[in-house]
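Visitor: Sharing a structure, written as structure tokens. Questions coming.
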Amino acid sequence: MKKVPFIFLLSLMIFECKEEKSNSVVTDDNRLKIETKKFDESTYVLNDSFAYGDARRYGVTASNAGSSHPFSGKNRMTTVLDMAEESGMEISFPSGYYKMDLTLDSRKNLNLRFDNSEFNLIHIAQVKKTLPIPENITIKGTLIAYARLGMTEARNISIDSVILKSDVSKNLWKLRNTGCHIYHGCKNIKINYLEVQDLGSGSDKYKYTHAALAIDGYNNNPENVQIKKVHIKSTDRHGIYITGKDHLIGEVIIDKFGIGSSKDMDGMQDAAKGEEKDFKALWVNKCYDSFIEKITINEKNAKAKYTAHFDSGDKNRPFIIRSFRVINDNPNINFLEEENHGVVIEIME
Numbered sequence: 000m001k002k003v004p005f006i007f008l009l010s011l012m013i014f015e016c017k018e019e020k021s022n023s024v025v026t027d028d029n030r031l032k033i034e035t036k037k038f039d040e041s042t043y044v045l046n047d048s049f050a051y052g053d054a055r056r057y058g059v060t061a062s063n064a065g066s067s068h069p070f071s072g073k074n075r076m077t078t079v080l081d082m083a084e085e086s087g088m089e090i091s092f093p094s095g096y097y098k099m100d101l102t103l104d105s106r107k108n109l110n111l112r113f114d115n116s117e118f119n120l121i122h123i124a125q126v127k128k129t130l131p132i133p134e135n136i137t138i139k140g141t142l143i144a145y146a147r148l149g150m151t152e153a154r155n156i157s158i159d160s161v162i163l164k165s166d167v168s169k170n171l172w173k174l175r176n177t178g179c180h181i182y183h184g185c186k187n188i189k190i191n192y193l194e195v196q197d198l199g200s201g202s203d204k205y206k207y208t209h210a211a212l213a214i215d216g217y218n219n220n221p222e223n224v225q226i227k228k229v230h231i232k233s234t235d236r237h238g239i240y241i242t243g244k245d246h247l248i249g250e251v252i253i254d255k256f257g258i259g260s261s262k263d264m265d266g267m268q269d270a271a272k273g274e275e276k277d278f279k280a281l282w283v284n285k286c287y288d289s290f291i292e293k294i295t296i297n298e299k300n301a302k303a304k305y306t307a308h309f310d311s312g313d314k315n316r317p318f319i320i321r322s323f324r325v326i327n328d329n330p331n332i333n334f335l336e337e338e339n340h341g342v343v344i345e346i347m348e
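Numbering-wise (numbering that gives the first Met the number 0), the sequence shown opens with residue 0 and increments by one.
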């Protein structure tokens, strides 16, 4: 029988995910009239058979997004993103494999829509302190990435759905996926659905790959990350490593964890040296005033040391887990609790 942490009985907490505001119905004709008053996109048009706001209208398809746009001289994807940022109009991108990164570094006020569109990397960051932070970006539909979803210093980012897959034939560096990293300075990040199908390990190329979902950033930890559902299908290393404050997560499912190698793995933000090599499904460290509605961890194929690690915390600013369920219990994998942790489990199944 698995040794479980002491369960605190608290009053029921209701996890509220904010629903998107419903938009009033606007016909295509009316939308065209309204948006063309705001921005004349005619200079960018290469194929007027597609509707206003359709990326194909401006010459962008999955197969040619990297080719030059005759108006700007930049590649077509960059050109359309520049236009979207300047105009505020919503741009929709067709499905397909783009064989390039989706780079939104230092961009602001973007409204983008994707249709199972596949990229190598999704990057939303401030890469230099002299550059603006990325903020006020809305991404609708489903994005697929073969390398990583990474954010740094990002503010007010809203994403419908992201699926992180491993396919070395589509990863530009011929690697497996390295997960979702919400890093230092990030605030007000909302994701409806995050799926990590695989997280890789095995060489120094995965040196900074720590967890399928890592929310961290030493001395500048993320704040207010909201994710409605996280599904981690397989991770060679940790499942979730979470620090910071004011996070809200709905349902978490971890199917397989800790099955890979810690070879050449670097240390982790806010963690003691060496702890990164003791794999866990859930690792809560220096995380305050935060909440998970429900987490289900399958230990059938796990090779990790711990189910969960409740690390440094504050009981006056607790990290609350409404429901914690372990299936296919492995008696060799237990909980690790530090004396000063602040994790509260209401229901242990």
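Glycine included, each C-beta is placed from N, C-alpha and C at the ideal position. Being a predicted model, the structure only gives us computed values, none of them experimental.
#1: In this structure, how does DSSP classify Ala61 when only helix, strand and coil are distinguished?
#2: Between the C-alpha atoms of Ile346 and Phe334, what's the straight-line distance to the nearest angstrom?
#3: Am I right that His68 and Gly52 are in contact with their C-beta atoms under 8 Å? What's the rounded C-beta distance?
#4: How about Val251 and Ile294: are their beta carbons less than 7 Å apart?
#5: Going by the beta-carbon positions, is the gap between Lys73 and Arg112 smaller than 7 Å?
#6: Cα-Cα, which of Ile136, Gln225, Glu152 and Ala303 is closest to Gly259?
#7: Can you have a look at Pro330 and say buried or exposed, based on whether 16 or more other CB atoms are within 10 angstroms of its CB?
#8: Any idea what DSSP makes of Gln271, helix, strand or coil?
#9: Would a C-beta distance cut-off of 7 Å place Phe92 and Ser116 closer than the cut-off?
#10: Using the C-alpha atoms, what's the distance from Tyr43 back to Phe256?
#11: Sort out for me which residues DSSP pairs Glu117 with in a bridge.
#12: Can you give me the start and stop residues for the alpha helix (DSSP H) that Asp81 sits inside?
#13: Thinking C-beta only, is Gly95 closer than 7 Å to His122?
#14: Compute the distance between the beta-carbons of Ala213 and Ile231, then report whether it is under 7 Å.
#15: May I ask you to list the residues that DSSP assigns as paired with Ala210?
#16: Relative to the C-alpha of Pro271, which residue among Asp47, Lys285, Arg321 and Val161 is closest?
#17: With a threshold of 6 Å, establish whether the CB of Ile241 neighbours any heavy atom of the ligand GDP.
#18: Looking at Ile143: is its Cβ nearer than 7 Å to the Cβ of Ile156?
#19: Please go through the segment 283-311 and give each complete beta strand (DSSP E) segment of 3 or more residues, from N-terminal end onward.
#20: Which of the three DSSP states, helix, strand or coil, is assigned to Arg112?
#21: Who are the near neighbours of Asn108 in its chain, counting only those whose CB is closer than 7 Å to its CB and skipping five residues on each side?
Guide: So, from the listed chains and residues:
#1: By one-based count along the sequence shown, residue 61 stands at place 62. Look at Ala61 here: in three-state DSSP terms it is coil, with no helix or strand label.
#2: For this step, residue 346 is matched to residue 347 along the sequence shown. For this step, residue 334 is matched to residue 335 along the sequence shown. Each residue's alpha carbon lies about 15 Å from the other.
#3: For the purposes of this step, residue 68 is taken as the residue at position 69 of the sequence shown. For the purposes of this step, residue 52 is taken as the residue at position 53 of the sequence shown. About 17 Å separates the beta carbon of His68 from that of Gly52, a gap too long to meet the 8 Å contact definition.
#4: In the sequence shown, residue 251 corresponds to position 252, counting from 1. In the sequence shown, residue 294 corresponds to position 295, counting from 1. Yes, the Cβ-Cβ distance between Val251 and Ile294 is below 7 Å.
#5: On the sequence shown, residue 73 is found 74 positions in, with the first residue counted as 1. On the sequence shown, residue 112 is found 113 positions in, with the first residue counted as 1. Their beta carbons are not under 7 Å apart, which means Lys73 does not touch Arg112 by this criterion.
#6: Translated into the one-based positions of the sequence shown, residue 259 becomes position 260. Out of Ile136, Gln225, Glu152 and Ala303, Ala303 has the C-alpha closest to the C-alpha of Gly259.
#7: As a working mapping, residue 330 is identified with position 331 in the sequence shown. Burial state of Pro330 is exposed, judged by a 10 Å Cβ sphere holding fewer than 16 other Cβ atoms.
#8: Within the sequence shown, numbered from 1, the residue matching residue 271 stands at position 272. The sequence shown places Ala at residue 271, rather than the Gln named in the question. The answer is coil: DSSP assigns Ala271 none of H, G, I, E or B.
#9: Counted from its first residue, the sequence shown places residue 92 at position 93. Counted from its first residue, the sequence shown places residue 116 at position 117. Result yes, Cβ atoms of Phe92 and Ser116 sit closer than 7 Å.
#10: Reading the sequence shown from its first residue, position 257 is the one you call residue 256. Reading the sequence shown from its first residue, position 44 is the one you call residue 43. Approximately 47 Å between the Cα atoms of the pair.
#11: As a position in the sequence shown, residue 117 is number 118, starting the count at 1. Looking at the DSSP assignment, Glu117 forms a beta bridge with Tyr96 and Ile143.
#12: Your numbering for residue 81 matches position 82 in the sequence shown. Its alpha helix (DSSP H) spans residues Arg75 to Ser86.
#13: Numbered from 1 along the sequence shown, position 123 holds the residue referred to as residue 122. Numbered from 1 along the sequence shown, position 96 holds the residue referred to as residue 95. Contact: no.
#14: Position 214 of the sequence shown, counted from the first residue, corresponds to residue 213. Position 232 of the sequence shown, counted from the first residue, corresponds to residue 231. No; because the gap between Cβ atoms is not below 7 Å, this pair is not in contact.
#15: Residue 210 sits at position 211 when you count from the first residue of the sequence shown. His237.
#16: Taking the sequence shown and counting its residues from 1, the one referred to as residue 271 is at position 272. The question names Pro, yet the displayed sequence has Ala at residue 271. With distances taken between Cα atoms, Ala271 lies closest to Lys285.
#17: By its list of ligands, the structure shown contains no ligand whatsoever, and the ligand GDP lies outside what it can speak to.
#18: On the sequence shown, residue 143 is found 144 positions in, with the first residue counted as 1. On the sequence shown, residue 156 is found 157 positions in, with the first residue counted as 1. By the CB criterion at 7 Å, Ile143 and Ile156 fall outside the cutoff.
#19: 289-297 and 305-309
#20: Position 113 of the sequence shown, counted from the first residue, corresponds to residue 112. Of the three classes helix, strand and coil, the one that applies to Arg112 here is strand, per DSSP.
#21: Reading the sequence shown from its first residue, position 109 is the one you call residue 108. Excluding residues within five positions, the ones whose Cβ falls inside 7 Å are Glu84, Gly87 and Asn135.
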